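For reference, the structure is listed below as C-alpha cells.
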Amino acid sequence: MVTAKKTVSKKAAKKIVVSSLHGDINADTIRVRMYRIGFGDCFLISLPVMKRSGSEDSHYHVLIDCGVHFSGDINTMDKVIGNIAAITGGKIAALIATHSHQDHISGFGRFSEKFSQFDIDEVWLPWCENPADPLALKLQRKHAALAEMLDEHFNAQRTINAPAANTPQRNAAVAAVVNLSGNQKALLLLRSGFDVGAEVRYLGAGEVLRDPAAIEGLTVRVLGPPRDQQFLSKMNPPKDQRYLRLGAGGGVNMDNALRPFPAKWITDTGVENYRGPVLTAAEKEELKEVLADTDLDNLAFALDQVKNNTSLVTLFVFRGKYLLFPGDAQYGNWKWWLDQEEAEDILPRISFLKVAHHGSHNATPKDALERMGEGQLAAMVSTQSVPWQSIPRVPLMRRLSEKATNGVVRSDWLAIDDAPAPLAHTEPPMPKKLPANFRKGAFWYDYLLKLK
Ligand SMILES: [Zn+2]
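Residues in the sequence shown are numbered from -3 upward in steps of one, following our numbering.
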C-alpha cells in the first residue's frame, strides 16, 4: 500500500535511520527499542527491508503501545514521541494498541496532534475494541459500568471513612480503576486511524497475517485475545503455573471466574442484559446497598485483570526469528494458544520476549516460560515499582534471568530524574555491563537481534 505521502517521507526516513544513534543497526539486524516511560509500555520494533525490494528505506517500524499510568508517570513521554518521530522519519508501518488501559494507550490521546502528523499505514487493535462487534460492545459496556461504580464507591468511602480507606491494598485497587479511565480520546483516535487514512484492523487469536502493512518477509501470528469468554475470564494461573505465592500490596486472592456482580444482580436474564453505566436512580441506590457488602478491592483487581486479558498478543516471525509481544495478557489469554498444537513448535523458537504485564505475578505462565527459546532467549521488561510495589514479581524475574540466556533488561534501570529506582531487594539487579547486543540510550534500551 504505497501512498503519495509515503514517497515524500522516504528520503527523510532513510537519512535518519542510516545515521541512527549507534550506527550498528544494519540490514541484518532487528532492533527492539524499549522506552522508559514510567509504569507503562512503549516499544518500537525496526525490521530491515529486504535488499532486493528496491525500497530506499532501510527499516520498517512497528510501534507497540504508548501509554503510562497516571500514578507512575515519569514525564518522559514527550521526549519518547520525539525520538520515535526522529527514528522512523515519521513513518510507522503498523501501530499496535494492545489493550485499552491507560498505561498502554494514554500517549495516543495526550499527544494526538503529534501522532496525527505520522504517516501510519495500519492500526491494529484487539477484536474487543471493535465498535461493530456486538460481543465486544457488550464487554465494553460491562467494563465501563463497573469502573464507574467502583470509582463512585471508592470516592464515597474515602469521604465517609478516610483513614480506613487509605490502606495499601485500597490504594492499589484505586490505581487499578484509574487505569481503566480516561481512555476514550485515545480509543476514538485509534479507531479512526488517527484521521490519517491508516487502515484499522481488529484482530483475534488464530489469525495469521502475511506481509502485513507491506512489511515484506514478516508473518504475524495473532495468539490472543481469544473470542471465547471462558478464556477471557481466567485471570490467575492454577498453582502449578505460577511463580508466586500471592503477595501483599496488590496481590489478590480470588477465584478465576470474574464475578463482578453480586448474586442478587445475576437474575435469570443474566448479567449480559445489564445495561451499562446508564442506570436509573433507583437501580443506582439498590446497587450501592448491595456493593456495600462486596469486596470492592478484589472487584477492582478483577476488572483490571479481565481488561489485561483482552490484550492483542502478536508473534512476529521474521527471517527465522520469533519475537513475542503479549501485551498484558493474563492466564486465560495465554491458555487459549498454549492449548493449540502449534504452541509446541512456537515456544522453543522464541528468541525475544516482551515480558507481559510489567513482570507481574499472573501474566507469565510457568509452563510457557519454561518451554521458551532454549539457549537463545532475550527479554525486556517495562516496569517500575510505582504504583504497584508487588511488580515486578521477584520469583518470576529470577527465573527469567536464568531462562533468558541472551539477557534480561528492565526499563527502570535507566536513571531518570525524579523517577523511582528499582526496590532494594528486587531482581535482577542491574549488571555492571549490559548483556551482549543490548544498548543503553538516554531514555531507552535497545536489543539488537542479528539475523546473520
Ligand atoms: Zn500494563
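A virtual CB, placed ideally from N, CA and C, is assigned to each residue, including glycine. In this text the structure is predicted, and so the values were computed from the model without any measurement.
Take residue i as the anchor and find which of the options has the nearest alpha-carbon.
i: Leu447; options: Arg315, Leu146, Met426, Leu142; result: Arg315
i: Pro424; options: His357, Leu445, Ile60, Leu392; result: Leu392
i: Gly355; options: Ile101, Leu121, Pro322; result: Pro322
i: Ala143; options: Tyr56, Leu292, Leu373, Trp333; result: Leu292
i: Gln380; options: Met46, Leu396, Ala364, Ala420; result: Ala420
i: Lys303; options: Ser397, Phe227, Ile83; result: Phe227
i: Val170; options: His65, Met368, Leu365; result: His65
i: Gln473; options: Arg367, Arg394, His357, Ala364; result: The question about residue 473 has no answer here: the residues shown for the chain are numbered -3 through 448.
i: Arg223; options: Asn179, Glu212, Ile41, Asn305; result: Asn305
i: Val58; options: Lys87, Met426, Arg367; result: Lys87
Any idea what DSSP makes of residue i, helix, strand or coil?
i: Phe39; result: strand
i: Ala375; result: strand
i: Asp324; result: coil
i: Pro122; result: strand
i: Asp115; result: strand
i: His100; result: helix
i: Ala90; result: strand
i: Thr84; result: helix
i: Val196; result: strand
i: Arg217; result: strand
i: Ser347; result: strand
i: Leu396; result: helix
i: Val45; result: coil
i: Leu445; result: strand
i: Met426; result: coil
Rounded to whole angstroms, what is the Cα-Cα separation between residue i and residue j?
i: Ser188; j: Ala140; result: 21 Å
i: Phe434; j: Leu219; result: 27 Å
i: Met30; j: Gly103; result: 15 Å
i: Trp453; j: Pro130; result: Since the first residue shown for the chain is -3 and the last is 448, residue 453 is missing from the structure and cannot be characterised.
i: Gly439; j: Arg406; result: Correcting the residue type first, residue 439 is Phe in the shown sequence and not Gly. The alpha-carbon atoms of Phe439 and Arg406 are separated by roughly 12 Å.
i: Arg166; j: Ala296; result: 9 Å
i: Val313; j: Gly328; result: 23 Å
i: Ala432; j: Val192; result: 39 Å
i: Gly437; j: Leu430; result: 12 Å
i: Pro361; j: Asp117; result: 33 Å
i: Ala359; j: Asp24; result: 32 Å
i: His55; j: Asp115; result: 15 Å
i: Ser112; j: Asn402; result: 37 Å
i: Ala325; j: Asp61; result: 14 Å
i: Met185; j: Ala194; result: A small fix is needed here, since residue 185 is Leu in this sequence, not Met. Their backbone Cα atoms lie some 11 Å apart in a straight line.
i: Gln301; j: His97; result: 10 Å
i: Arg27; j: Thr163; result: 42 Å
i: Leu319; j: Pro416; result: 29 Å
i: Glu346; j: Gly63; result: According to the sequence provided, residue 346 is Ile. The question's Glu does not apply to it. For Ile346 and Gly63, the distance between alpha carbons rounds to 26 Å.
i: Lys138; j: Ile21; result: 45 Å
i: Val404; j: Asp99; result: 21 Å
i: Leu214; j: Ala128; result: 28 Å
i: Pro373; j: Asp341; result: The question names Pro, yet the displayed sequence has Leu at residue 373. The alpha-carbon atoms of Leu373 and Asp341 are separated by roughly 15 Å.
i: Arg206; j: Phe348; result: 20 Å
i: Pro208; j: Arg217; result: 11 Å
i: Leu311; j: Glu337; result: 15 Å
i: Ser108; j: Ala182; result: 8 Å
i: Leu365; j: Asp442; result: 22 Å
i: Asn375; j: Leu334; result: For clarity, residue 375 is Ala in the given sequence; the question names Asn instead. Each residue's Cα considered, the two are about 19 Å apart.
i: Val390; j: Pro418; result: 12 Å
i: Asp363; j: Leu133; result: 33 Å
i: Leu242; j: Ile387; result: Bear in mind that the predicted position of Leu242 carries a pLDDT of just 36, short of 50, making it unreliable; the figure below should be weighed with that in mind. About 12 Å.
Kindly examine ligand 1 and report whether one of its heavy atoms sits closer than 7 Å to the Cβ of residue i.
i: Asp466; result: Summary: the structure shown does not reach residue 466, with the chain confined to residues -3 through 448, and so no result is reported for it.
i: His97; result: yes
i: Asp37; result: yes
i: His149; result: no
i: Asp363; result: no
i: Asp324; result: yes
i: His354; result: yes
i: His100; result: yes
At a cut-off of 7 Å, would you count residue i as near ligand 2, judging by its Cβ distance to the nearest heavy atom?
i: Phe150; result: Among the ligands present in this structure, namely ligand 1, ligand 2 is not found.
Review point. On the three-pair Cβ rule with 8 Å, is the stretch 88 to 95 touching the stretch 169 to 176?
Key: Result no; under three Cβ-Cβ pairs closer than 8 Å.
Check your understanding: Counting pairs of beta carbons, one from the stretch 143 to 151 and one from the stretch 56 to 74, are three or more of them closer than 8 Å?
Key -> No: fewer than three Cβ pairs fall under 8 Å.
Review point. Using 8 Å as the threshold, is the stretch 29 to 47 in touch with the stretch 62 to 69, meaning 3 or more CB pairs across them?
Key: Proximity of the stretch 29 to 47 to the stretch 62 to 69 meets the contact definition, three or more beta-carbon pairs being nearer than 8 Å.
**Study point:** Segment contact flag, the stretch 199 to 212 with the stretch 120 to 138, C-beta cutoff 8 Å, min 3 pairs
**Key:** Yes, the stretch 199 to 212 touches the stretch 120 to 138.
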